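Q: Quick one: structure below, then a few questions.
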Amino acid sequence: MANQLLEVKGIAVSYGDIRALWDVSLTVEEGAIVALLGANGAGKTTLLKTVSGLIRAQKGEILLEGRSTGHLSPQQIVDRGIVHAPEGRRLFSTLTVMENLRLGAYIRRARPLFGQSLDRVFTLFPVLKDRREQKAGSLSGGEQQMLAIGRALMSQPKLLMLDEPSLGLSPILVRRIFELIKTLNDQKMTILLVEQNVNQALKVAQQAYVLKTGRIVMSGPAADLLANEEVRHAYIGEHGGHT
Amino acid sequence: MSEYAIIAQLAINSILFGSMYGIAAIGLSLIFGTMRIVFLAQGTVIIFFAYIAYWLLTLAGIDPYLSLFIVVPFAALLGIGFYYSIFKEAAALEDRNVSLLIAVGLMFLMENMMMVFWKPDPRAVVTPYTSWVFSPFGTSIQFTRLIALVLAVLATLVVWLFLKRTRIGTAVRAASEDMVSTTLMGINPNMVNAVAFALGIGMAGAAGIGVATVYSFDPMFGFAFSLKALIALALGGIGNVWGALLGGIILGFIESFATYYVGSGWTDAISFGVFLLVLSFMPQGLFGSKVSKA
Chain A
1 MANQLLEVKG
11 IAVSYGDIRA
21 LWDVSLTVEE
31 GAIVALLGAN
41 GAGKTTLLKT
51 VSGLIRAQKG
61 EILLEGRSTG
71 HLSPQQIVDR
81 GIVHAPEGRR
91 LFSTLTVMEN
101 LRLGAYIRRA
111 RPLFGQSLDR
121 VFTLFPVLKD
131 RREQKAGSLS
141 GGEQQMLAIG
151 RALMSQPKLL
161 MLDEPSLGLS
171 PILVRRIFEL
181 IKTLNDQKMT
191 ILLVEQNVNQ
201 ALKVAQQAYV
211 LKTGRIVMSG
221 PAADLLANEE
231 VRHAYIGEHG
241 GHT
Chain B
1001 MSEYAIIAQL
1011 AINSILFGSM
1021 YGIAAIGLSL
1031 IFGTMRIVFL
1041 AQGTVIIFFA
1051 YIAYWLLTLA
1061 GIDPYLSLFI
1071 VVPFAALLGI
1081 GFYYSIFKEA
1091 AALEDRNVSL
1101 LIAVGLMFLM
1111 ENMMMVFWKP
1121 DPRAVVTPYT
1131 SWVFSPFGTS
1141 IQFTRLIALV
1151 LAVLATLVVW
1161 LFLKRTRIGT
1171 AVRAASEDMV
1181 STTLMGINPN
1191 MVNAVAFALG
1201 IGMAGAAGIG
1211 VATVYSFDPM
1221 FGFAFSLKAL
1231 IALALGGIGN
1241 VWGALLGGII
1251 LGFIESFATY
1261 YVGSGWTDAI
1271 SFGVFLLVLS
1281 FMPQGLFGSK
1291 VSKA
């Protein structure tokens, strides 16, 4: 059995009086793609924010390579090797493509590897090389998503967390983004993928978890979930009109 | 004096007066960028440094322009001190009002401390060159005002280069756009805020020297100065240091021409009228490229 890269054990998270996650556990094996599915408001983004240290869990623990990250700041968590590409991309739109990538490699550990990281990003996304002096805000939606993923990769992560990378993209670009996720995974990148595009996500992932109103209601091999009527009914139907 | 000569003189005055509003506005812009508050104490801090220059001259005999090399680094350190001592906890809160109230509290505290130390009567820095005047083409330019303009342009250039060329400067610009995303890059928000304060209060140090050599000042002069800086900032647009400097100079034009053609009693009313018009109809300022919509 492969190594457990990330283990989330029974975490509970509240925003004030409102409980967002209840006793959530999840495991990401090294080298895997794990899909985290669920409707809007199910708690997917909250879970990613908790793992990246933006929010603190009231209960439970989070382990990276067996060591707890619960007490660490977001900076220390990036330094330990977890990077979070947030929903909506959140690029620095008035900064150039290069400046965005430089900031991606801000942490001390990533700085000496800058040239190597940049080569990897430009090989994966040649269009970013052509656009490197352009403002990020002037890129097309697809290019912006590539930059968001590229910027995350600049920190040389062990675990890449992608929150809705296909959001707002045309069907052709959605397919390209999923191909890229597959390519990255072939290059040994471990990925925790939050998606509303259930069908595509289950096709690239090995494992999947389904969140519903803050609880894990289903988990297992992605292929099993893909075949499961209940999942398809509950989530794929809902997803249909998603743009 | 011919009409042209008067207009030329007014234009010169505008640029010379306005540049001081401009560097005050840059300070506001930098702190607003990452902290998302209008640092209302900026003008008061500027006056505080004017007093420091006054003290350095009267007590230690240090020329105000020489004291730049003491005051500006001290100001930058004080900015970092302000952030870590009183703003850090509030900066982590979603509600920006707490930080704003701290800035207001700091302003009143400093005003009252200055009243104790330096008394409410106006002070002026007098040097041999205070009375120097150039007279090109029938106009008159005071030496100290000209140096203040040069100082403003140089300070703006230094800040601009810092923001553009350094890693930390780039992080400050990124944080001005999106602090959460910046945090996810592994950048410490406290570090970025502290740097913004160092730059903003450092600018106040430079502005303080400029003010000290040009105006007579008293402890309560600062708040009015903050308001002028706020108008300059609205004109120039947030997030653009050259725009803020230019905003200050435009305010200088509005004030000089309003005073001459309408009457000095109307000057501030006209300035604030323009302030409201710009904010209402061009919230991005005259030079701002964009304002993110809520």
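As they're listed, the protein sequences go chains A and B. Residue numbers for the first sequence follow this note's numbering, so the first one is 1 and each next one is one higher. Residue numbers for the second sequence follow this note's numbering, so the first one is 1001 and each next one is one higher. For each residue, glycine too, the CB sits at the ideal point set by N, CA and C. Since the model is a prediction, treat every value here as computed from it, not as a measurement.
(1) Got a sec, what are the start and stop residues for the alpha helix (DSSP H) B/Trp1242 sits in?
(2) Hey, is A/Ile107's beta-carbon within less than 8 Å of any beta-carbon in chain B?
(3) For B/Trp1266, does the count of other Cβ atoms within 10 angstroms reach 16, so buried, or fall short, so exposed?
(4) Taking the straight line between their C-alpha atoms, what separation do you get for A/Ile33 and A/Thr190?
(5) Suppose contacts are defined by Cβ-Cβ distances below 8 Å. Is A/Leu48 in contact with A/His84 by that definition?
(6) So B/Ser1271 and B/Ile1209 are supposed to be a Cβ contact under 8 Å. How far apart are they, rounded?
(7) A/Pro171 to B/Asp1268, Cα distance in whole Å?
(8) Going along the chain, which residues of the segment 13-26 of chain A sit with their C-beta nearer than 8 Å to a C-beta in chain B?
(9) Flag B/Val1241 as yes if its beta-carbon sits less than 8 Å from any beta-carbon of chain A, otherwise no.
(10) Quick check on the burial criterion: 16 or more other C-beta atoms within 10 angstroms. Buried or exposed for A/Gln207?
(11) Indicate the three-state DSSP secondary structure (helix, strand or coil) for A/Gly240 in the structure shown.
(12) Does DSSP put A/Lys212 in a helix, a strand or coil?
(13) Tell me the residue span of the alpha helix (DSSP H) that contains B/Trp1266.
(14) So is B/Asn1097 in contact with chain A if we call contact Cβ pairs under 8 Å?
(15) If you draw a straight line from the alpha carbon of A/Val231 to that of A/Thr27, how long is it in whole angstroms?
(16) Use the C-beta contact count for B/Pro1073: other C-beta atoms within 10 angstroms, 16 or more gives buried, fewer gives exposed.
(17) To be precise: take each residue of the segment 50-81 of chain A, compare its Cβ to all Cβ atoms of chain B, and keep it if any distance is under 9 Å. Which residues remain?
(18) Are the C-beta atoms of B/Asn1193 and some chain A residue less than 8 Å apart?
(19) Span of the beta strand (DSSP E) holding A/Val24?
(20) Buried or exposed: where does B/Met1355 fall if 16 or more other Cβ atoms within 10 Å of its Cβ makes it buried?
(21) Can you pull the chain A residues whose beta carbon is under 8 Å from the beta carbon of B/Thr1170, in chain order?
(22) Note down, in chain order, every chain B residue with its Cβ under 8 Å from the Cβ of A/Ser273.
(23) Rounded to whole angstroms, what's the CA-CA distance from A/Met218 to B/Arg1173? Just pull it up for me.
A: The relevant details are as follows:
(1) One-based indexing of the second sequence puts residue 1242 of chain B at position 242. It spans 1241-1261 - the alpha helix (DSSP H) in which B/Trp1242 sits, taken as one unbroken run.
(2) The count along the first sequence starts at 1 and reaches residue 107 of chain A at position 107. Yes, because at least one Cβ of chain B sits closer than 8 Å to the Cβ of A/Ile107.
(3) Here the question's residue 1266 of chain B lines up with position 266 in the second sequence. With fewer than 16 other Cβ atoms within 10 Å, it is exposed.
(4) As a first step, residue 33 of chain A is located in the first sequence; it is residue number 33 there, counting from the start. As a first step, residue 190 of chain A is located in the first sequence; it is residue number 190 there, counting from the start. Each residue's alpha carbon lies about 6 Å from the other.
(5) Indexing the first sequence from 1 puts residue 48 of chain A at position 48. Indexing the first sequence from 1 puts residue 84 of chain A at position 84. Yes; because the gap between Cβ atoms is below 8 Å, this pair is in contact.
(6) Within the second sequence, residue 1271 of chain B is the residue found at index 271, counting from 1. Within the second sequence, residue 1209 of chain B is the residue found at index 209, counting from 1. Not quite, the Cβ-Cβ distance comes to about 24 Å (not below 8 Å), so this is no contact.
(7) By one-based count along the first sequence, residue 171 of chain A stands at place 171. By one-based count along the second sequence, residue 1268 of chain B stands at place 268. Roughly 57 Å between the two C-alpha positions.
(8) none
(9) Translated into positions along the second sequence, residue 1241 of chain B becomes position 241. No, because no Cβ of chain A sits closer than 8 Å to the Cβ of B/Val1241.
(10) By one-based count along the first sequence, residue 207 of chain A stands at place 207. With 16 or more Cβ atoms within 10 Å of its Cβ, A/Gln207 is classed as buried.
(11) Here residue 240 of chain A is taken as the residue at index 240 of the first sequence, counted from 1. Only weak support is given to the placement of A/Gly240: the predicted model assigns it a pLDDT of 43, under 50, and the value that follows is read from those uncertain coordinates. A/Gly240 falls in the coil class under three-state DSSP.
(12) Your numbering for residue 212 of chain A matches position 212 in the first sequence. DSSP places A/Lys212 in strand when its eight states are reduced to three.
(13) Numbered from its first residue, the second sequence carries residue 1266 of chain B at position 266. Premise fails: B/Trp1266 is in no alpha helix (DSSP H) and is neither H nor E.
(14) For the purposes of this step, residue 1097 of chain B is taken as residue 97 along the second sequence, with counting starting at 1. Not one chain A Cβ lies under 8 Å of B/Asn1097.
(15) In the first sequence, the residue the question calls residue 231 of chain A occupies position 231. In the first sequence, the residue the question calls residue 27 of chain A occupies position 27. Rounded to the nearest angstrom, the two C-alpha atoms are 20 Å apart.
(16) One-based indexing of the second sequence puts residue 1073 of chain B at position 73. Its Cβ having fewer than 16 others within 10 Å, B/Pro1073 is exposed.
(17) Ser52, Gly53, Leu54, Ser73, Pro74, Gln75, Gln76, Ile77, Val78, Asp79
(18) Sequence index remark: in the second sequence, residue 1193 of chain B carries index 193 (1-based). It does not: the Cβ of B/Asn1193 has no partner Cβ on chain A nearer than 8 Å.
(19) Taking the first sequence and counting its residues from 1, one reaches residue 24 of chain A at position 24. Per DSSP, A/Val24 belongs to the beta strand (DSSP E) from 18-29.
(20) With chain B running from 1001 to 1294 in the structure shown, residue 1355 of chain B is simply not present.
(21) The count along the second sequence starts at 1 and reaches residue 1170 of chain B at position 170. Chain A residues near B/Thr1170: Leu95, Glu99, Arg102, Leu103.
(22) Given that chain A is displayed from residue 1 to residue 243, the structure contains no residue 273 of chain A and the question cannot be resolved.
(23) By one-based count along the first sequence, residue 218 of chain A stands at place 218. By one-based count along the second sequence, residue 1173 of chain B stands at place 173. Approximately 43 Å, taken between the alpha carbons.
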